[in-house]
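First comes the structure, then the notes that go with it.
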């Protein structure tokens, strides 16, 4: 029996079998590259912040501005997460100051824009909905209509990486 596909454990056995066929046949990487030929090009934290803040402005104007958005090299390894949102409240004098930040795993620095958007939308949705319930996923789909398809493709990419395969996109793949 083959090793379980941990990133697809919640999906149907039929879908897992299709994914295993792509993996075992060496067709997963070409399939992902055909669907997403280029990386996003957001190389630093300020470009990432501008992009995620733009998504927030477009879809969630009523939520407060983010204080920080950054790539985090420890995130995927330590927390087993793709992205992380935090709200920190601090007392400063007689005021309570709240800081909101989103951290995205640095493995996605060279991913396609669709994957970056999927993670950003997921973390932005947590600003309004804390739990992964129906309201949360409705909000994700409102911001990114193909959210569920992109989540599946991102999970397939993580399986590709977990199997010791190389990253599919690199900064050198960006158009000149």
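In UniProt numbering, the protein residues as written are 1 to 176. Each residue gets a CB set at the ideal place from its N, CA and C atoms; glycine is no exception.
Nonlocal neighbours in the same chain, by C-beta distance under 6 angstroms from residue i, ignoring five residues either side
{"i": "residue 69", "result": "48, 49, 52, 102"}
{"i": "residue 136", "result": "125, 129"}
Selected residue, minimal CA-CA separation from residue i, among the options
{"i": "residue 111", "options": "28, 5, 38", "result": "38"}
{"i": "residue 168", "options": "40, 10, 122", "result": "40"}
{"i": "residue 143", "options": "18, 56, 71", "result": "56"}
{"i": "residue 32", "options": "19, 7, 43, 44", "result": "19"}
{"i": "residue 58", "options": "120, 13, 165, 5", "result": "120"}
{"i": "residue 46", "options": "4, 146, 109", "result": "109"}
{"i": "residue 170", "options": "164, 107, 54, 74", "result": "107"}
{"i": "residue 64", "options": "54, 165, 11, 17", "result": "54"}
Supposed contact pair residue j and residue i - C-beta distance, whole angstroms, cut 8 angstroms
{"i": "residue 150", "j": "residue 118", "result": "4 angstroms"}
{"i": "residue 160", "j": "residue 28", "result": "6 angstroms"}
{"i": "residue 35", "j": "residue 162", "result": "The Cβ separation is near 19 angstroms, so there is no contact."}
{"i": "residue 128", "j": "residue 139", "result": "6 angstroms"}
Residues that residue i bridges to, as DSSP identifies them
{"i": "residue 119", "result": "Note: residue 119 sits in no beta bridge, so no partner."}
{"i": "residue 159", "result": "DSSP lists no partner for residue 159."}
CB contact flag (residue i, residue j, <9 angstroms)
{"i": "residue 131", "j": "residue 104", "result": "no"}
{"i": "residue 23", "j": "residue 15", "result": "no"}
Proximal residues to residue i (C-beta, below 8 angstroms), its chain only, five neighbours per side dropped
{"i": "residue 157", "result": "32, 111, 115, 168"}
Short CB-CB distance (under 9 angstroms) between residue i and chain D
{"i": "residue 135", "result": "No chain D is present in this structure, which holds just one protein chain."}
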